[in-house]
Structures are given as structure tokens and as C-alpha cells.
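**Student:** In my numbering, the protein residues as written are 56 to 154.
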Amino acid sequence: MLILAVLGILYQGTVILLFQPAEEAGNGAKRMIKDGALEDVEAIFAVHVSHEHPTGIIGSRPGPLLAGCGFFRAVISGKKGRADNPYHSVDPIFVRPSR
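(1) What is the DSSP secondary structure of R128, reduced to helix, strand or coil?
(2) By alpha-carbon positions, which one of K134, V61, E107 ends up nearest to F48?
(3) Comparing alpha-carbon positions, which option in A101, N82, L62 lies nearest I71?
(4) From F127, L93, I58, pick the residue whose C-alpha is nearest to that of F74; which is it?
(5) Which of the three DSSP states is assigned to R151 in this structure?
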């Protein structure tokens with residue numbers, strides 16, 4: 056609403072600001088829907104921080120944008136070896152995610 060007022064655009068209606076919790080875990084939107092946050096909502100315009108846009112630019116388009124949350128499970132196995140022949144071993148430590 057403040058942006059519209061600064062631009063001199065008159066708007067009649069209700070504006071609801073939503074701040075999605077637990078986005079990274081993938082359950083924030085489900086909880087918001089369950090709690091009724093989207094009842095009687097006609098349109099949603101979302102903003103997401105992105106390195107692809109310069110400061111002051113907001114990207115948008117109709118339909119889903121940056122929508123998705125996935126999970127996977129990985130089983131990582133190593134192969135034992137000896138200090139005198141380390142090239143015969145597989146060290147699973149090198150497969151771990153970096154911080």
C-alpha cells in the first residue's frame with residue numbers, strides 16, 4: 056500500500072502481507088494454508104531475494120516462480136584401506152556437504 060501511495064496510485068480493497076515461516080523446511084506454506092491465511096485471497100504477489108536481480112529491481116511473472124522444495128536421502132559408503140596404500144580406499148569424508 057505504501058508503494059502504491061508513493062506512486063500516487065489509488066487502491067480500494069484489502070492488502071494482506073504474508074511472511075512465510077519455515078520456507079526452507081518445506082512446511083511453512085502448508086501450515087499457513089491450514090491456518091486459513093489464504094482464505095478470501097484473490098491474488099498473491101511474492102518477492103524473493105535473488106542474486107540475479109540488481110538492487111532495486113523486483114522480478115515477477117504470472118504463475119509459479121521459484122516454487123519448489125525437494126528432499127533426498129543419500130547413502131554414502133567408504134572402503135577401508137591402509138596407510139601404506141591409501142589409493143585403494145574410498146574416504147566418505149570428502150563426499151560430505153561443505154559449510
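We treat Cβ as the ideally placed atom computed from N, Cα and C, and that holds for glycine.
**Tutor:** A quick look at the data gives this:
(1) Here the question's residue 128 lines up with position 73 in the sequence shown. The DSSP-derived three-state label of R128 is coil.
(2) The structure shown does not extend to residue 48, since the chain spans only 56 to 154, so no value can be given for it.
(3) In the sequence shown, the residue the question calls residue 71 occupies position 16. For I71, the nearest C-alpha among the options comes from A101.
(4) The sequence position of residue 74 within the sequence shown is 19, counting from 1. Its Cα nearest to that of F74, the residue L93 stands out among F127, L93, I58.
(5) Residue numbering aside, residue 151 sits at position 96 when the sequence shown is read from its first letter. DSSP places R151 outside both helix and strand once states are collapsed to three, so it counts as coil.
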